[in-house]
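Student: For the record, the sequence lines run as chains A and B.
Per the numbering used here, the first sequence runs over residues 826 to 905.
Per the numbering used here, the second sequence runs over residues 826 to 905.
Got a structure here, written out as structure tokens. Questions coming.
Protein chains: 2
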Amino acid sequence: MKARVFVTLKPSVLDPQGRTIADALHSMGYTGVGDVRQGKYFELDVDAPSADQTRAVAAEVADKLLANPVIESYRIEVDG
Amino acid sequence: MKARVFVTLKPSVLDPQGRTIADALHSMGYTGVGDVRQGKYFELDVDAPSADQTRAVAAEVADKLLANPVIESYRIEVDG
């Protein structure tokens, strides 16, 4: 099954990359775009029999490797 | 409104970063994880009156700044 993991900086953590993108968009004329936050996105093919087990594996992997729990939070979606 | 943009390498493009993550997971004992693809994730606050217009702005921004259309594809989700 396919698991998608979204890793973003916690809201209290400054995101200079997102700030830079927002500034670039403003200078390109997109003044309607306010805050921008950049994060990471992972697609995992997990060999597990159920959606719950796929989610459990993805959460463990996110905690141990994909996200830094001190400054980042993550969200998981499982297909089907 | 909030737009989420997911940028991933096209399936035909090699993803060495994802490959490295998959190898690391295998060596950590997660043999049930097959392919891993890494991408980028953006959250944009867009000042637009409708979901359709929010999506249009996000697509324009993704084409011009967030994604490289030669090697990357993107997907957009709009809240509410």
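Glycine residues also receive a C-beta, built at the ideal position from the N, C-alpha and C atoms.
Would you mind stating whether D888(A) and M826(A) have Cβ atoms separated by less than 8 Å?
Tutor: Cβ distance not < 8 Å, so D888(A) and M826(A) don't count as in contact.
Student: So, is the C-beta of Y899(B) closer than 8 Å to a C-beta in chain A?
Tutor: No, Y899(B) lies away from the interface with chain A (no Cβ there is under 8 Å from its Cβ).
Student: Helix, strand or coil: how does DSSP classify R891(A) here?
Tutor: It should be pointed out that residue 891(A) corresponds to Leu in this sequence rather than to Arg. In this structure, L891(A) counts as helix in the three-state DSSP scheme.
Student: I'd like to confirm the pairing. Which residues does DSSP put opposite Y866(A) in its beta bridges?
Tutor: Answer is F831(A), G864(B), bridged to Y866(A).
Student: Report yes if the C-beta distance between Y899(B) and V838(B) is below 8 Å; otherwise report no.
Tutor: No, they are not a contact pair.
Student: Under a CB-based cut-off of 8 Å, is I846(B) close to chain A?
Tutor: It does: the Cβ of I846(B) has a partner Cβ on chain A nearer than 8 Å.
Student: By the 10 Å Cβ neighbour count, where 16 or more other Cβ atoms means buried, how is T856(B) classified, buried or exposed?
Tutor: T856(B) should be labelled exposed.
Student: Quick one: grab the DSSP three-state call for V838(A).
Tutor: Coil.
Student: Under three-state DSSP, which class holds S898(B)?
Tutor: Reduced to three states, the DSSP call for S898(B) is strand.
Student: Hey, V858(B) and D870(A): beta-carbon distance below 8 Å or not?
Tutor: Yes, Cβ-Cβ distance for V858(B) and D870(A) is below 8 Å.
Student: Could you pull the DSSP bridge partners for V882(A) from this structure?
Tutor: Beta-bridge pairing links V882(A) to no other residue.
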